[in-house]
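Trainee: Got a structure for you, questions after.
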Amino acid sequence: MTLELTIAGARDALRAKTLSARELTDAHLAAIEQLDPQLNAFITVTADAARAQADAADAAIGRGEGGPLTGIPIAIKDLFCTKGVRTTAASRILEPFIPPYESTVTSQLLRDGAVFLGKTNLDEFAMGSSTMTSAFGPTINPWQRTGDDTRLVPGGSSGGSAAAVAAGMALGSTGTDTGGSIRQPASFCGIVGMKPTYGRCSRFGVVAFASSLDQPGPFARTVEDTAILLGSMAGHDPKDSTSMDRPVPDFAAACRRGVRGLRIGVPREYRADGMPAEIERLWQQGLDWLRDAGAEIVDVSLPHTKYGLATYYIVAPAEASSNLARYDGVRFGLRVPANDLTDLYEGTRAAGFGAEVRRRILIGTYVLSAGYYDAYYLKAQKVRALILKDFTDAFGRVDALLTPTAPSAAFGLGENMDDPLKMYLNDVFTVPANIAGVPGISVPAGLDADGLPLGLQVISRHFDEETVFAVGQVLEDAAGFTAKPAIRAKVLS
Amino acid sequence: MTSASAALDPAAVRRIARLARIRLPEEDVAQLQTELGAILGWIEQLDEVDVSGIDPLASVGQATLAMRDDVVTDGGQTEAVLANAPARNGTFYTVPKVVE
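Note that the protein sequences, when read in sequence, are chains F and W. Last residue of the first sequence: 493 in the working numbering, with the numbers rising by one and none dropped. Last residue of the second sequence: 593 in the working numbering, with the numbers rising by one and none dropped.
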């Protein structure tokens with residue numbers, strides 16, 4: 001029963017003292033012990049610290065104190081620096097790194113009383129859509145196709161965080177989304193994942209991938225739970241000059257607004273060639289649900305959608321090649337012994353970075369190099385301006401957009417690995433929101449013919465997360481998605 | 494730009510790796526030439542877009558950079574700063590000899 005709770009439900013039970021934080025944490029640690037050997041969702045489990053935090057939460061509740069997350073066990077993507085706890089970014093180059101400081105997002109979660117169960121697996125430096133690029137091995141999706149034991153990817157890059165929540169090993173988790181790294185794994189794992197507006201959550205202490213695109217956000221099993229988590233994660237931080245000084249609204253209250261009178265846009269360019277019919281049908285179903293709940297459905301055009309991915313795969317590697325220049329073997333992380341300094345750099349970086357990271361650094365280096373900067377990087381920045389204008393124009397006519405989250409359900413381990421371009425296509429529906437910096441959510445809305453979850457994505461204006469949550473809640477209520485991965489039955493019985 | 498990816502010969506791959514300070518085993522050059530060439534060729538679809546008169550957009554961040562007083566806000570963290578050093582000597586990082 002304990003593992004069936006939502007964050008909102010657990011909070012009520014803790015306050016009513018029908019459940020202790022220690023019991024709640026122990027139940028989740030037991031689930032991790034039982035399931036994680038098969039799923040590999042965690043790189044580091046911090047059981048002792050979690051129990052100590054839970055005991056402190058019980059003491060706080062006993063004194064009548066406590067914050068919005070007191071005693072709630074969550075998992076943290078291993079891209080957030082956590083003081084005194086190894087933070088690897090799923091890379092060999094950061095394997096020995098123990099941050100002497102805490103990221104702003106995780107410090108705010110701790111301030112509000114959350115219990116950290118451990119650090120979750122991801123694609124190396126968040127570069128990937130499957131967790132297959134992790135130096136610690138892939139995470140396995142808790143879901144399987146009906147009557148088929150093929151092991152599936154959880155999506156990525158925040159695949160460990162999504163799998164942990166889907167399997168019942170945590171009530172919620174943190175992710176980061178640079179091109180869909182929260183929304184796509186949420187869709188693949190049948191849970192809710194939310195990418196806030198760029199600037200809503202501080203990036204301080206989050207290992208950087210592409211700084212103008214990266215944005216931390218929450219995962220949970222309900223829309224309201226992601227709203228509760230975002231309420232703690234969000235807010236201005238003087239340590240991040242791109243974090244916005246704006247009030248943090250009551251996101252959970254916005255979930256109850258409904259959609260009556262809202263105009264919902266259907267971007268016609270998202271009807272991709274070769275999209276499975278069942279995803280097309282689910283999308284139509286989502287539009288019908290919103291219409292039935294009082295929204296008006298409007299066709300809109302985002303004419304530069306087609307160029308989103310190519311723009312992304314110039315801008316993101318360019319920024320990554322710059323950000324990852326700091327991994328040189330001198331101040332922290334791996335060092336490969338060498339006879340001179342250039343050898344030290346080249347040897348350390350060759351040994352420390354995996355194939356995908358190396359590929360993206362090389363692309364980024366190339367598009368920024370003399371002679372190619374204008375043709376690639378500058379051009380991509382101009383197309384980025386056009387993509388942003390598409391969204392601005394659309395949001396002059398509608399309040400939110402509804403699209404599928406991903407062009408497929410979860411795929412098998414190792415599929416799409418031979419061809420980097422094919423893998424990149426997974427992000428076709430999620431990348432534009434990062435390029436424009438607008439908020440988006442993925443809500444589980446149905447199952448495909450193989451019994452795998454499919455998500456719908458809601459996108460809204462800059463800093464209008466409240467509309468995203470309002471629309472997401474209506475989809476959640478209408479979909480009534482109650483399916484669970486079979487593996488959860490093991491710990492629920 | 495049309496021929497940019499075609500120009501990605503083995504020497505260009507080695508040059509990029511050198512700029513990126515990543516040692517590249519010779520046996521990896523051919524495969525990377527293929528992979529990087531395919532990605533760059535695909536990226537060139539942006540040539541279809543008319544960007545005349547468009548200003549480049551580096552970031553969608555809507556924050557204007559805040560100014561603050563030029564004062565020390567933190568300090569005296571030598572041990573924390575050096576805590577992850579792969580090699581150190583007292584309060585200094587050490588690297589292989591740079592100057593003969």
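Ideal Cβ positions, reconstructed from N, Cα and C, are used throughout, including at glycine. As the structure is a computational prediction, the values presented were derived from the model and not from experiment.
Would you list, in chain order, the members of the stretch 194-213 of chain F that have their beta-carbon closer than 7 Å to a beta-carbon of chain W?
Mentor: TYR198, GLY199, SER212
Trainee: Start and end of the alpha helix (DSSP H) containing ASP582/F?
Mentor: This structure cannot speak to residue 582/F, because chain F is shown only from 1 to 493.
Trainee: Since THR197/F contacts GLU466/F with CB under 8 Å, what's their CB separation in whole angstroms?
Mentor: The Cβ separation is near 11 Å, so there is no contact.
Trainee: Run through DSSP, which three-state label would PHE501/F get?
Mentor: Nothing can be reported for residue 501/F: it is not among the residues displayed for chain F, which extend from 1 to 493.
Trainee: According to DSSP, what are the bridge partners of ARG263/F?
Mentor: GLU296/F
Trainee: If we count Cβ pairs, one from each stretch, closer than 8 Å, do we get three or more for the stretch 352-360 of chain F versus the stretch 265-273 of chain F?
Mentor: no
Trainee: Roughly how far, in whole angstroms, is the beta-carbon of ILE387/F from the beta-carbon of THR311/F, given that I think they are within contact range, below 8 Å?
Mentor: Contact between ILE387/F and THR311/F holds: CB atoms are separated by about 7 Å, below the 8 Å threshold.
Trainee: Is any beta-carbon of chain F found at less than 7 Å from that of PHE582/W?
Mentor: A quick correction: the sequence has Asn, not Phe, at residue 582/W. ASN582/W does not count as touching chain F.
Trainee: Would you decide whether GLU541/W is buried or exposed? Buried here means 16 or more other CB atoms lie within 10 Å of its CB.
Mentor: exposed
Trainee: So LYS379/F packs on VAL544/W, CB below 8 Å; how close in whole Å?
Mentor: 6 Å
Trainee: Among THR178/F, PRO218/F, ALA210/F, SER187/F, which has the Cα closest to the Cα of MET194/F?
Mentor: PRO218/F
Trainee: Could you tell me whether the Cβ of SER552/W comes closer than 7 Å to any Cβ of chain F?
Mentor: For SER552/W, the answer is yes, since a Cβ of chain F falls inside 7 Å of its Cβ.
Trainee: Report the neighbours of PRO549/W on chain F: residues whose CB is nearer than 9 Å to its CB, in chain order.
Mentor: TYR377, LEU378, LYS379, ALA380, GLN381, LYS382, ARG384, ALA385
Trainee: How would you write the range of the alpha helix (DSSP H) that ASP55/F sits in, first residue to last?
Mentor: Here the alpha helix (DSSP H) through ASP55/F covers 47-62.
Trainee: Given this structure, state the Cα-to-Cα distance separating PRO589/W from VAL336/F, to the nearest angstrom.
Mentor: For PRO589/W and VAL336/F, the distance between alpha carbons rounds to 11 Å.
Trainee: Taking beta-carbon pairs under 9 Å, can you tell me which members of the stretch 79-100 of chain F lie near chain W?
Mentor: PRO96, PHE97, ILE98, PRO99, PRO100
Trainee: Could you give the DSSP three-state label for PRO518/W: helix, strand or coil?
Mentor: coil
Trainee: Can you look up PRO37/F in the DSSP assignment and give me helix, strand or coil?
Mentor: helix
Trainee: Using the Cβ count rule (16 or more neighbours within 10 Å means buried), how would you classify PHE585/W?
Mentor: exposed
Trainee: Any C-beta of chain W sitting closer than 7 Å to the C-beta of TYR345/F?
Mentor: True, the Cβ-Cβ gap to chain W drops below 7 Å.
Trainee: Distance, Cα to Cα, SER498/W vs GLN457/F?
Mentor: Confidence is the limiting factor: at SER498/W the pLDDT is only 49, short of 50, which leaves the residue's position unreliable and the question unanswerable from this model.
Trainee: Helix, strand or coil for THR430/F? Go by DSSP, reduced to three states.
Mentor: coil
Trainee: Give the residues from the stretch 219-251 of chain F that approach chain W closer than 8 Å (Cβ to any Cβ), ordered along the chain.
Mentor: PRO238, SER241, THR242, SER243, MET244, ASP245
Trainee: For GLY347/F, which residues from the same chain have a beta carbon less than 7 Å from its beta carbon, with the 5 sequence-adjacent residues on both sides left out?
Mentor: Excluding positions up to five away in sequence, the list reads VAL336, ALA338.
Trainee: Please determine, among GLN526/W, GLY569/W, ILE536/W, ALA513/W, the residue with the shortest C-alpha to C-alpha distance to ASP502/W.
Mentor: For the set GLN526/W, GLY569/W, ILE536/W, ALA513/W, the Cα lying nearest the Cα of ASP502/W is the one of GLN526/W.
Trainee: Within the continuous alpha helix (DSSP H) that includes LEU368/F, where are the two ends?
Mentor: 355-368
Trainee: Kindly list, in the order they appear in chain F, the residues whose Cβ is closer than 8 Å to that of GLU528/W.
Mentor: ARG359, PRO420
Trainee: Please list the terminal residues of the continuous beta strand (DSSP E) segment that includes THR120/F.
Mentor: 115-120
Trainee: Check distances from the C-beta atoms of the stretch 154-179 of chain F to those of chain W and list, in chain order, the residues that come in under 7 Å.
Mentor: none
Trainee: Might you give, ordered along the chain, the residues of its own chain that have their beta carbon closer than 6 Å to the beta carbon of THR495/W, omitting 5 neighbours on each side?
Mentor: Low per-residue confidence applies at THR495/W: pLDDT is 44, beneath 50, and the placement is therefore not dependable, though the value from the model is reported in the following sentence. Taken in chain order, the list of residues that qualify is empty.
Trainee: Following the continuous beta strand (DSSP E) through ASP518/F, name the residue where it begins and the one where it ends.
Mentor: Here chain F has residues from 1 to 493 only, and residue 518/F is not among them.
Trainee: Hey, is the stretch 313-329 of chain F in contact with the stretch 365-379 of chain F, meaning 3+ C-beta pairs nearer than 8 Å?
Mentor: yes
Trainee: Would the stretch 165-183 of chain F count as touching the stretch 477-489 of chain F if we require 3 or more Cβ pairs under 8 Å?
Mentor: Touching, yes.
Trainee: Cutting at 7 Å between CB atoms, please list the residues of its own chain near THR146/F, excluding the five before and the five after it.
Mentor: ASP450, GLY451
Trainee: Along the stretch 293-311 of chain F, where does the CB come closer than 9 Å to a CB of chain W? Name the residues.
Mentor: Cβ proximity to chain W below 9 Å picks out HIS304, LYS306, TYR307, LEU309, ALA310, THR311 from the stretch 293-311 of chain F.
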